[in-house]
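Contents: one structure, followed by commentary.
There are 2 protein chains.
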Amino acid sequence: MVAATRTGKGETLGKSGTGAAKDPHPTVRDVAQRARVSAMTVSRVLRDDPKVLPATADRVRAAAAELGYRRNEMARSLRLGSGTGLVGLVVTNLANPFYSRLALGVDAVVGGHGLKTVIGNTGHDLDSERGLVEDLVARRVDGIIVVPADDDQRHLAAAAAGGVPVVVASRPPNGFDADCVLVDDHGGARTVTRRLLDAGHRRIGFLGSPPAVYTGAERLRGFTDALTEAGIEREPRYVRLGQQQTAEATRAAADLLALPEPPTALFCTNNRNTIGAFRAIRAAGAPTALAGFDDFELADVLGLPLTIAAYDSDELGKEAGRLLVARLGERAAAGGGQDGTPASARRAVVPTTLVHYG
Amino acid sequence: MVAATRTGKGETLGKSGTGAAKDPHPTVRDVAQRARVSAMTVSRVLRDDPKVLPATADRVRAAAAELGYRRNEMARSLRLGSGTGLVGLVVTNLANPFYSRLALGVDAVVGGHGLKTVIGNTGHDLDSERGLVEDLVARRVDGIIVVPADDDQRHLAAAAAGGVPVVVASRPPNGFDADCVLVDDHGGARTVTRRLLDAGHRRIGFLGSPPAVYTGAERLRGFTDALTEAGIEREPRYVRLGQQQTAEATRAAADLLALPEPPTALFCTNNRNTIGAFRAIRAAGAPTALAGFDDFELADVLGLPLTIAAYDSDELGKEAGRLLVARLGERAAAGGGQDGTPASARRAVVPTTLVHYG
DNA sequence: GCATCGCGTGTTATCGATAACACGATCTTG
DNA sequence: CAAGATCGTGTTATCGATAACACGCGATGC
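Written as structure tokens, this is what we have:
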């Protein structure tokens, strides 16, 4: 009787005839037809369900191989109600090695749990970030890790409220509760600054990112605290905020060096500013010492005293991944359960280490 | 009558009772129930189908907003038979700025077409690459862009044969036909080498990545051709292959500089080798000139003559994205059509530009 | 005045995979 | 030897969204 179920594209469309290999994505039914069994049996074989005769299973496996069958994980996750196995990662600038390493750390951890990472880049644009988060939620990612571009995190709050686990990286959540992983910005800045003070510097300049950025603000606070502890007051004229690019940083540093009583050392909140400052110092031919946050390649060949609060952005990503995976685990364990207590937000802090060159 | 359709989790599970906002991912039916319409009407409103009374549409939109409804794009793409809107990107090492910029280029282009990028990192591991590609296909990505880790590309051939558009970046496809985007490795290396020759150098050392890597082989070929054109024969003792890390490159360069008749210039096939060679030259205090492939930050402050064949990896990614998008466009246009001619594989080449420091 | 048309909605079937149940056949057991 | 247990497999319903069709109701046509 040749079992011609009325369904199946093979029947209705009649295909071209020549090759079966060209069919984009055969389905369980295609495999089933070829192996002369039902779709359910195919599904069972793929699930390694033991309740199938070895002979049948072999036929099915052969048919699947011949057709190049790959099961549709999206359809599967829909049916199973399991997650999609996707994790959304939203960063401000993937071109920055800092974030690409963070991404790698995230991927390494979540990948170890069978999850894949979907990356979105915001380019520091809030609207872009909103759109990305919206989209990731619509794609039903199992969770989101985000380095927010701005203090306005209402879209993240909405996603979290909607039941999507959110982990905030590099800055704390604002206006809602979520796991987060931070760098010891304050401590690192304080330690590095203290080091400059110990070396005898009393007039220290400060070059920082926009103060609206959490990390920048924290590092400024650490800097200020170190000065205060040494009985020194921070001088506004030595502080330049807002530089994001090396070129801007070079100009800002040149300004400081041109002051009547120029700083004998400069503290920079990130490697963009550090490199920019280096160029200014070099151009001025001044013996100014340099200190900053974030290590970078070739820092050792610059030929001036350089102290850096370094930290592992890979580890930052890994920790974010771990927090997210832990959340997903809880969620799975809770299942349909009623224990409405979602375990309060966790906060991890990645330490900084002091590196000295020159 | 209150229309209690027998379906719906709201009915069977009976929920907790307090808040609706906590429901993870409401569905069209939840919205429908709240707006007292059918699921189909909700779907129509979300599709902006004009055949819905404005009053009804407003009710639906209000209900959707109250519930925080986001439609399930995965389920939607399953029903529509449209793609998943995902593009797989597989690279060898995202921590390398080269690849992260490539990723950014890809994402910028495909993102402009409503596609999202799923990133996989292989760490140069072939098995890992196989697994990733397998997985991406199973997730039904609309296409894959890959920087192969190895000459063995059978898994890519399989994916392509299975009907998934594949674009190969940075090296050519091997053993199957696919669009690809390459760098002008040969031309760049030849030009840079010629520049060294023009500067009077006759003994030029070569530091390269493993010869199995396509780019490395091509660059060696360009180097050799330039020498040949100048009537010089390549001397094996000046050639060191296989260094992937700066530390290895430093040792290899030191070896060359320690030869009885050391090279007066070194050509390096990538920035790992260039930076490694720089350290060796600096340590030896030799006046050796340096040339290489791939620009890098701070190249201008090294204090020795440095010529670089630079190219834009962002552009490489963009071009790959464009090729893929073009393929997807064709596919969509062809639809169920029978014009079995899949337009032969395209090949794009990104040019290099000469940069000189020092 | 009765047929027809169009509009706004609801019903059913579908995408691919699979859980839950159903069913015929063989095997067990008192 | 009849009643039930077990095994291998097929059928139906489901996940969420939606195309195709169906349907009821008021308006228009001649």
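Here the protein sequences line up with chains A and B, keeping their order. Just so you know, we're using the working numbering here: the first sequence kicks off at 168 and counts up by one. Just so you know, we're using the working numbering here: the second sequence kicks off at 168 and counts up by one. By construction, the Cβ of each residue, glycine as well, lies at the ideal position given by its N, Cα and C atoms. Just so you know, these numbers come straight off a predicted model, no measurement behind them.
Using a Cβ-Cβ cutoff of less than 7 Å, which residues in the same chain neighbour residue i once the five nearest sequence positions on both sides are dropped?
i: E486/A; result: V348, A515, V517
i: D352/A; result: T382, E385, R386, G389
i: A326/A; result: V300, V304, I311, V333
Near residue i, what residues of its chain come up, given a Cβ to Cβ distance below 6 Å and the 5 sequence neighbours on each side ignored?
i: H523/B; result: T474
i: A393/B; result: R357, T360, R361
i: A419/A; result: L374, R407, Q410
i: G372/B; result: Y405, L423, P430, L433
i: P339/A; result: C347
i: R201/B; result: A230
i: V350/B; result: Y478, V517
Since I believe residue j is in contact with residue i (beta carbons under 8 Å), could you give me their beta-carbon distance rounded to a whole number of angstroms?
i: G488/A; j: G272/A; result: 7 Å
i: A416/B; j: R439/B; result: 6 Å
i: S480/A; j: R268/A; result: 4 Å
i: P472/B; j: L457/B; result: 7 Å
i: P264/A; j: L234/A; result: Between L234/A and P264/A the Cβ distance is about 43 Å, and since that is not below 8 Å, they are no contact.
i: A444/A; j: C435/A; result: 5 Å
i: I286/B; j: I286/A; result: 5 Å
i: V212/B; j: A224/B; result: 5 Å
i: G525/A; j: G470/A; result: 7 Å
For a test of the three-state rule: what should DSSP assign to residue i, helix, strand or coil?
i: I399/B; result: coil
i: D346/A; result: strand
i: F445/A; result: helix
i: R514/B; result: strand
i: V204/B; result: coil
i: V522/B; result: strand
i: I364/B; result: Note that residue 364/B is Leu in the sequence shown here, rather than Ile. Three-state DSSP puts L364/B in a helix.
i: V313/B; result: strand
i: G549/B; result: Because chain B in this structure spans residues 168 to 525, residue 549/B falls outside the shown range and cannot be described.
i: F390/B; result: helix
i: L469/A; result: coil
i: L253/B; result: strand
i: N438/B; result: helix
i: V198/A; result: helix
i: G272/B; result: helix
i: V334/B; result: strand
i: A220/A; result: The sequence given here has Leu at residue 220/A, not Ala. Three-state result, L220/A: coil.
So is residue i buried or exposed if we call it buried at 16+ other beta carbons inside 10 Å?
i: M207/B; result: exposed
i: G252/B; result: buried
i: L220/B; result: exposed
i: L424/A; result: buried
i: H291/B; result: exposed
i: Q410/A; result: buried
i: P191/A; result: exposed
i: Q412/A; result: exposed
i: D309/A; result: buried
i: H377/B; result: Here the sequence assigns Pro to residue 377/B, which means His is not the residue at that position. By the neighbour-count rule (16 or more Cβ atoms within 10 Å), P377/B is not buried but exposed.
i: K283/A; result: buried
i: R246/B; result: exposed
i: L426/A; result: exposed
i: R158/B; result: Summary: the structure shown does not reach residue 158/B, with chain B confined to residues 168 through 525, and so no result is reported for it.
i: D197/B; result: buried
i: S244/A; result: buried
i: T259/A; result: buried
i: R203/A; result: exposed
Whose C-alpha, out of the options, is nearest the C-alpha of residue i?
i: L521/B; options: V359/B, A366/B, A326/B; result: V359/B
i: L261/B; options: G250/A, T259/A, A275/A; result: A275/A
i: G278/A; options: V227/B, N263/B, G298/B, H280/B; result: G298/B
i: R137/A; options: R237/A, P430/A, R203/A, Y478/A; result: The question about residue 137/A has no answer here: the residues shown for chain A are numbered 168 through 525.
i: V331/A; options: A419/A, T382/A, G250/A; result: G250/A
i: G342/A; options: D294/A, P454/A, D365/A, P315/A; result: P315/A
i: R513/A; options: V313/A, V335/A, D365/A; result: V335/A
i: Y478/B; options: E400/B, L247/B, V212/B, F460/B; result: F460/B
i: L428/B; options: N437/B, T455/B, L293/B, R494/B; result: Going by the sequence as given, residue 428/B is Glu instead of Leu. Nearest option by C-alpha distance: T455/B.
i: S210/B; options: M241/B, V195/B, A242/B; result: V195/B
i: D302/B; options: T259/B, V254/B, A222/B; result: V254/B
i: S205/B; options: V227/B, R401/B, V313/B; result: V227/B
i: R137/B; options: M241/B, G355/B, N437/B, E402/B; result: Outside the modelled stretch of chain B, which goes from 168 to 525, sits residue 137/B, for which no answer is possible.
Leaving out five residues on either side along the sequence, give the residues of the same chain with a beta carbon under 8 Å from the beta carbon of residue i.
i: A397/A; result: R361, L364
i: H322/A; result: E296, R297, V300, E301
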